[in-house]
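So the structure is just underneath, and the comments pick up after that.
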Amino acid sequence: MTTASVNPSRRSYAPLARENRQKVLKHLEQAGITSGVLYLTGMKTEERKWTDCEVPFRQESNFFYLTGVTEPDCHLVIDVASQDAHVFIPKFSEDHALWMGPPPTETFIKERYGVQHCDVVDNIVKTLESLKASKVHILEQEKDLAAIGAFKDKIDSSALSTAVTEARMIKSKGEIELMRRAAKISGDAHIALMKAAKPGKDTERQLQALFEYECFRNDGRYQAYTPIVASGRNGSVLHYIDNTDPIAQDKRDLLLVDAGCEYECYAADITRTFPIGGKFEGDWKTTYEIVLSMQNAVLAAIKPGVEWEDMHKLANRVAAEGLLKAGLIKGDLDTLIANHIPALFFPHGLGHSIGLDVHDVGGYPKGVPRLTDPGLKYLRMRRTLKPGMAVTVEPGIYFVDAILDKALADSNVTQYLDVEVVKRFRKTVGGVRIEDDVVVTETGVDNLTGWVPKEVADIEKVMSA
Ligand code: GLY
Ligand code: MN
Ligand code: MN
0 MTTASVNPSR
10 RSYAPLAREN
20 RQKVLKHLEQ
30 AGITSGVLYL
40 TGMKTEERKW
50 TDCEVPFRQE
60 SNFFYLTGVT
70 EPDCHLVIDV
80 ASQDAHVFIP
90 KFSEDHALWM
100 GPPPTETFIK
110 ERYGVQHCDV
120 VDNIVKTLES
130 LKASKVHILE
140 QEKDLAAIGA
150 FKDKIDSSAL
160 STAVTEARMI
170 KSKGEIELMR
180 RAAKISGDAH
190 IALMKAAKPG
200 KDTERQLQAL
210 FEYECFRNDG
220 RYQAYTPIVA
230 SGRNGSVLHY
240 IDNTDPIAQD
250 KRDLLLVDAG
260 CEYECYAADI
270 TRTFPIGGKF
280 EGDWKTTYEI
290 VLSMQNAVLA
300 AIKPGVEWED
310 MHKLANRVAA
320 EGLLKAGLIK
330 GDLDTLIANH
340 IPALFFPHGL
350 GHSIGLDVHD
360 VGGYPKGVPR
370 LTDPGLKYLR
380 MRRTLKPGMA
390 VTVEPGIYFV
400 DAILDKALAD
410 SNVTQYLDVE
420 VVKRFRKTVG
430 GVRIEDDVVV
440 TETGVDNLTG
450 WVPKEVADIE
460 KVMSA
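Everything in the sequence shown is counted per numbering that gives the first Met the number 0, starting at 0 for the first residue and increasing by one.
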């Protein structure tokens, strides 16, 4: 039972995959589906275009969820009635062992992943025939059905995606532990950056390299997304991934780091923003404290039964209060909110579902439309919160040129702004975002990343050490 394509020391995902299969089948049963088969294709080996250089392999999330299989080019059939899982692996050429080491055997796959059957891909149709599949349920996104062409008339994509999505929305204890591990590796890497960052020293890219190094050496082989390491005004670009500028010279300037790795395919997504010289000051501190109060208000309010969009509205209201107090905006609080003034500074959604994907499945259940108000329209999720849901809480305040140029040219908007104060902040403050990953519990939240310093005193302490 040896193969070079699997790290034998890795903890087996098999028990979780079994639980996940049962959860998905339960959702299907509730939708009236008690027979037929499920059919999914795993991620294929990919190469850089027109080369034979392989792209590092990462399993497709739904396939991983149902199997734990980390080998490329596999397929899955689940017989709904018996719940048996059949994994199909490629027929490996004799050369495979030379370049890649011994390929996984059928016995290895069955033992490692706890599936009842394993066969080669060429035998999928034969298996479907022997199972007398009345229907072949596939994901809506599946396009490549060549392997089961003979079953074209029986294909049904109406139910499986919803069943898998609803199952993935509610994380099990085992999944939460994997997310906690991704959070731990990523949080430690954030702390390493807080300690390493110095005014005028290094580039954003060098700090990105440090983050990835810290994750990689601690088993976080893949980043869950491209790290954002934004110095000074670059923090005003929400998904700034160039990471090419030198770190600011002015010690009061902020560095915004939005980065997280995966552990066993489960994502962390953490943002911390800190002063490059280790001490919060002036307009930078004012902005930071507004965002911190937005996040704290939401973290205290999350519990089962709460609407996610109401959490966004809460953050937006706390932003309005902070911006008023800081003298950036003026007028009656409710009028400011009704006129979408806080959204000029908090232009994105509060957060999103997180799990096997950083922007995880299930943000919008079928039939739930997006809202249209500024800020709210970018919300990645509209759901009633339930225990087991994992979400990010990531409010921010930014001074975005594209938004402010337009706002400052519009007297309908400038009546609510102290233009000189806005211009002053915009000169030096890019943006502040604070992002944690939380699991909704029966009474509130389990904050997987809350231990990563974010209170002013805690960040200053870590940076002075
Ligand atoms: N890191 C991307 C996001 O926060 O959604
Ligand atoms: Mn996020
Ligand atoms: Mn993020």
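Glycine residues also receive a C-beta, built at the ideal position from the N, C-alpha and C atoms. Computed from a predicted model, the values in this text were never measured in an experiment.
Measure the CB-CB distance between residue 151 and residue 134 and report whether it falls below 7 Å.
For this step, residue 151 is matched to residue 152 along the sequence shown. For this step, residue 134 is matched to residue 135 along the sequence shown. No, they are not a contact pair.
Reference residue 89, options 67, 120 and 125, closest by Cα
Position 90 of the sequence shown holds residue 89. Ranking the options by Cα distance to residue 89, first place goes to 120.
Would you say the segment 277 to 286 touches the segment 227 to 247, given that touching needs at least three Cβ pairs under 8 Å?
No: fewer than three Cβ pairs fall under 8 Å.
For residue 236, name the three-state secondary structure that DSSP assigns.
Position 237 of the sequence shown holds residue 236. Coil at residue 236, not helix or strand.
Suppose you measure from the CA of residue 292 to the CA of residue 20; what does that come to, to the nearest Å?
Taking the sequence shown and counting its residues from 1, one reaches residue 292 at position 293. Taking the sequence shown and counting its residues from 1, one reaches residue 20 at position 21. Cα to Cα, the separation comes out at about 41 Å.
Through-space distance from residue 130 to residue 225, alpha-carbon basis:
For the purposes of this step, residue 225 is identified with residue 226 of the sequence shown, where counting begins at 1. For the purposes of this step, residue 130 is identified with residue 131 of the sequence shown, where counting begins at 1. C-alpha of residue 225 to C-alpha of residue 130: approximately 43 Å in a straight line.
Among 16, 302, 263 and 242, nearest to residue 257 - alpha-carbon criterion:
Locating residue 257 in the sequence shown gives position 258, where the first residue counts as 1. Of the listed residues, the one whose Cα sits closest to residue 257 is 242.
Counting along the chain, where does the beta strand (DSSP E) carrying residue 36 start and finish?
Walking along the sequence shown from the start, residue 36 turns up at place 37. Residues 36 to 40.
Closer than 6 Å: residue 270 CB and nearest ligand 3 heavy atom:
As a position in the sequence shown, residue 270 is number 271, starting the count at 1. Correct: residue 270 has its Cβ closer than 6 Å to ligand 3.
Helix, strand or coil, according to DSSP, for residue 112 in the structure here?
Indexing the sequence shown from 1 puts residue 112 at position 113. If DSSP states are grouped into helix, strand and coil, residue 112 belongs with the helices.
Residue 394 beta carbon less than 7 Å from that of residue 294
The count along the sequence shown starts at 1 and reaches residue 294 at position 295. The count along the sequence shown starts at 1 and reaches residue 394 at position 395. Cβ atoms of residue 294 and residue 394: closer than 7 Å.
Below 7 Å CB to CB, which residues in the same chain sit around residue 192 once its five sequence neighbours on both sides are set aside?
Walking along the sequence shown from the start, residue 192 turns up at place 193. Sequence-distant partners of residue 192 (beyond 5 residues in either direction) whose C-beta falls short of 7 Å from its own C-beta, in its chain, are 206, 209, 210 and 256.
When the Cα atoms are used, what is the spatial distance from residue 248 to residue 53?
Here residue 248 is taken as the residue at index 249 of the sequence shown, counted from 1. Here residue 53 is taken as the residue at index 54 of the sequence shown, counted from 1. Straight-line Cα distance between these residues: approximately 40 Å.
What do you reckon, are the CB atoms on residue 64 and residue 181 nearer than 7 Å?
Walking along the sequence shown from the start, residue 64 turns up at place 65. Walking along the sequence shown from the start, residue 181 turns up at place 182. At least 7 Å separates the beta-carbon of residue 64 from that of residue 181.
Assuming residue 229 is part of the beta strand (DSSP E), what are its boundary residues?
To locate residue 229, count along the sequence shown from 1; it is residue 230. Boundaries of the beta strand (DSSP E) around residue 229: 227 to 230.
Which value, in whole angstroms, describes the spacing of the CA atoms of residue 420 and residue 322?
For the purposes of this step, residue 420 is taken as the residue at position 421 of the sequence shown. For the purposes of this step, residue 322 is taken as the residue at position 323 of the sequence shown. Each residue's alpha carbon lies about 11 Å from the other.
Nearer than 6 Å: is that true of the beta carbon of residue 243 relative to any heavy atom of ligand 2?
Position 244 of the sequence shown, counted from the start, is the residue given in the question as residue 243. Every heavy atom of ligand 2 is 6 Å or more from the Cβ of residue 243, so no.
Does any heavy atom of ligand 3 sit closer than 6 Å to the C-beta of residue 417?
Working through the sequence shown from its first residue, we reach residue 417 at position 418. Incorrect: residue 417 has no Cβ contact closer than 6 Å to ligand 3.
According to the Cβ coordinates, are residue 164 and residue 268 closer than 7 Å?
Position 165 of the sequence shown, counted from the first residue, corresponds to residue 164. Position 269 of the sequence shown, counted from the first residue, corresponds to residue 268. Cβ atoms of residue 164 and residue 268: not closer than 7 Å.
Secondary structure at residue 0, three-state DSSP: helix, strand or coil?
Within the sequence shown, the letter at position 1 stands for residue 0. In this predicted model, residue 0 has a pLDDT of only 30, less than 50, meaning its place in the structure is not dependable; the value taken from the coordinates is given anyway. Looking at residue 0 - three-state DSSP - the assignment turns out to be coil, as it is neither helix nor strand.
At a threshold of 6 Å, does residue 448 count as lining ligand 2 (C-beta to nearest heavy atom)?
Against the sequence shown, residue 448 aligns to sequence position 449. No.
On a CA-only basis, which of 425, 387, 385 and 389 is nearest residue 404? Give me that one, please.
Position 405 of the sequence shown, counted from the first residue, corresponds to residue 404. Checking every option, the nearest Cα to that of residue 404 belongs to 425.
Would you say the beta carbon of residue 257 comes nearer than 6 Å to a heavy atom of ligand 3?
By 1-based counting over the sequence shown, the position of residue 257 is 258. True, at least one ligand heavy atom lies under 6 Å from that Cβ.
Kindly identify the DSSP beta-bridge partner or partners of residue 200.
As a working mapping, residue 200 is identified with position 201 in the sequence shown. 197.
What's the call for residue 230, buried or exposed, on a 16-neighbour Cβ count within 10 Å?
As a first step, residue 230 is located in the sequence shown; it is residue number 231 there, counting from the start. Flag for residue 230 reads buried.
Do you know whose CA, among 156, 46, 57 and 385, lies nearest residue 444's CA?
The residue labelled residue 444 in the question sits at position 445 within the sequence shown. Among 156, 46, 57 and 385, the Cα nearest to that of residue 444 belongs to 385.
Which residues share a DSSP beta bridge with residue 352?
The residue you call residue 352 lines up with position 353 of the sequence shown. Partner residues in the beta bridge of residue 352, as assigned by DSSP, are 390.
Per DSSP, what kind of secondary structure is residue 222 in: helix, strand or coil?
As a first step, residue 222 must be located in the sequence shown, where it is residue number 223. The answer is strand: DSSP assigns residue 222 an E or B state.
Cβ neighbours of residue 239 in the same chain (closer than 6 Å, five flanking residues each side left out)
Here the question's residue 239 lines up with position 240 in the sequence shown. For residue 239, where only same-chain residues beyond five positions count, the Cβ hits under 6 Å are 227, 229 and 233.
Reference residue 338, options 361, 325 and 374, closest by Cα
Reading the sequence shown from its first residue, position 339 is the one you call residue 338. Of the residues 361, 325 and 374, the one whose Cα lies closest to the Cα of residue 338 is 374.
Cα separation between residue 3 and residue 43?
By one-based count along the sequence shown, residue 3 stands at place 4. By one-based count along the sequence shown, residue 43 stands at place 44. Note that residue 3 scores 35 on pLDDT, short of 50, meaning its location in the model is unreliable and no value can be drawn from it.
Around the Cβ of residue 8, are there at least 16 other Cβ atoms within 10 angstroms (buried) or fewer (exposed)?
Taking the first residue of the sequence shown as position 1, residue 8 is located at position 9. The predicted model places residue 8 with a pLDDT of 47, which falls under 50 and marks its position as unreliable; any figure quoted below should be read in that light. So residue 8 counts as exposed.
Within a Cβ cutoff of 6 Å, which residues of the same chain sit near residue 5, ignoring the five residues on either side of it in sequence?
Reading the sequence shown from its first residue, position 6 is the one you call residue 5. At residue 5 the pLDDT is 41, less than 50, meaning the model places this residue with poor confidence and gives no usable figure here.
Beta-carbon proximity check, residue 136 vs residue 155, cutoff 7 Å
The residue labelled residue 136 in the question sits at position 137 within the sequence shown. The residue labelled residue 155 in the question sits at position 156 within the sequence shown. Less than 7 Å separates the beta-carbon of residue 136 from that of residue 155.
Take residue 458 and list the residues in its own chain whose beta-carbon comes closer than 6 Å to its own, dropping the five residues that flank it on each side.
Position 459 of the sequence shown, counted from the start, is the residue given in the question as residue 458. Excluding residues within five positions, the ones whose Cβ falls inside 6 Å are 273 and 452.
Leaving out the 5 sequence neighbours to the left and right, which residues in its chain are closer than 7 Å to residue 461 when beta-carbon positions are compared?
As a position in the sequence shown, residue 461 is number 462, starting the count at 1. Residues 190, 193, 194 and 452 of the same chain have their beta carbon placed closer than 7 Å to that of residue 461, with the five preceding and five following residues left out of the count.
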